[in-house]
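K.L.:
The following block contains the structure, expressed as structure tokens.
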Amino acid sequence: MIILLEENISEKSAFVRLVLGIGLTACGISQLVKENGNRMLGTLTVTAGALKIAEGLFLYCPAKALFNRNLKDAVTTSIQEFVDGDSLMSAFNSRYSGANSQQSHHSGHSGTSNQQSQSQNSNGDEADLLQTVANVAGAVTSTTTAGTAAKQAANTIQAVAGSQNKSR
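Sequential numbering from 1 applies to the sequence shown in full-length UniProt numbering.
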């Protein structure tokens with residue numbers, strides 16, 4: 001059974017790893033050959049060298065693959081949690097319900113000036129919300145691959161949010 005690994009390092013990196021692996025293996029062998037050499041250090045150095053040689057030959061680094069997968073999962077999860085409707089609405093309500101209750105406590109203003117300040121405040125809040133939507137769409141655009149529906153939707157949302165923000 002043949003297992004095909006997806007290449008995840010460049011040819012330059014593979015060459016460097018190959019040369020480094022050969023050097024580590026040679027140092028480890030020289031440590032093992034010495035009469036008074038440290039056997040444990042020699043064995044570890046030969047093992048590390050062999051792993052680097054294998055990475056260079058197969059253009060695949062398991063540590064890099066594990067890190068990239070964990071990073072991609074973390075970004076995807078955080079974006080999904082942020083875009084989740086319930087959490088987004090609760091954040092929206094907590095932010096803007098506090099602003100409205102503070103405005104209703106100010107009774108020294110006349111009705112028209114209070115309405116004007118609420119109108120100005122809501123325009124600023126809408127601009128903040130549009131900017132946040134544009135930022136989220138930009139994050140989705142940068143993390144998704146080209147040609148996917150998510151990337152196209154994020155690009156569209158970012159363009160609409162940007163044009164709405166400019167028109168205000």
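Note that CB positions come from ideal geometry on N, CA and C, so glycine has one too.
#1: Taking buried to mean at least 16 other C-beta atoms within 10 Å of its own C-beta, is LEU57 buried or exposed?
#2: Taking the alpha-carbon positions, what's the MET40 to LEU20 distance?
#3: In angstroms, rounded to a whole number, what distance separates the CA positions of THR141 and GLN80?
#4: Under the three-state reduction of DSSP, which class applies to LEU32: helix, strand or coil?
#5: Identify whether ASP66 lies in helix, strand or coil by the three-state DSSP scheme.
#6: Taking 8 angstroms as the threshold, find out whether the segment 17–33 comes into contact with the segment 44–57 through three or more Cβ pairs.
#7: Three-state secondary structure (DSSP) at SER10?
#8: In whole angstroms, what is the alpha-carbon distance linking THR76 and GLY42?
#9: I need the straight-line Cα distance from ASP128 to GLY138, nearest angstrom please.
#10: Any idea if THR156 is buried or exposed, counting beta-carbon neighbours within 10 angstroms, 16 or more meaning buried?
#11: To the nearest angstrom, how far is the alpha carbon of GLU55 from that of LEU18?
P.N.:
Once the coordinates are examined:
#1: In the sequence shown, residue 57 corresponds to position 57, counting from 1. Exposed, by the Cβ-count rule.
#2: The residue given as residue 40 occupies position 40 in the sequence shown. The residue given as residue 20 occupies position 20 in the sequence shown. Near 20 angstroms, if we compare the C-alpha coordinates of LEU20 and MET40.
#3: Numbered from 1 along the sequence shown, position 141 holds the residue referred to as residue 141. Numbered from 1 along the sequence shown, position 80 holds the residue referred to as residue 80. As the crow flies, the alpha-carbon of THR141 is around 14 angstroms from that of GLN80.
#4: Working through the sequence shown from its first residue, we reach residue 32 at position 32. Look at LEU32 here: in three-state DSSP terms it is helix.
#5: Position 66 of the sequence shown holds residue 66. Strictly speaking, residue 66 in this sequence is Leu, with Asp absent from that position. Annotated three-state conformation of LEU66 is helix, per DSSP.
#6: In short, these stretches touch, since the Cβ pair count reaches three.
#7: In the sequence shown, counting from the first residue as 1, residue 10 sits at position 10. DSSP places SER10 in coil when its eight states are reduced to three.
#8: Against the sequence shown, residue 76 aligns to sequence position 76. Against the sequence shown, residue 42 aligns to sequence position 42. Cα-Cα distance, rounded: 42 angstroms.
#9: Here the question's residue 128 lines up with position 128 in the sequence shown. Here the question's residue 138 lines up with position 138 in the sequence shown. Straight through space, the alpha carbons of GLY138 and ASP128 are spaced by roughly 15 angstroms.
#10: In the sequence shown, counting from the first residue as 1, residue 156 sits at position 156. Taking all protein chains shown into account, THR156 has fewer than 16 neighbouring C-beta atoms within 10 Å of its C-beta and is therefore exposed.
#11: To locate residue 55, count along the sequence shown from 1; it is residue 55. To locate residue 18, count along the sequence shown from 1; it is residue 18. Whole-angstrom Cα-Cα distance: 7 angstroms.
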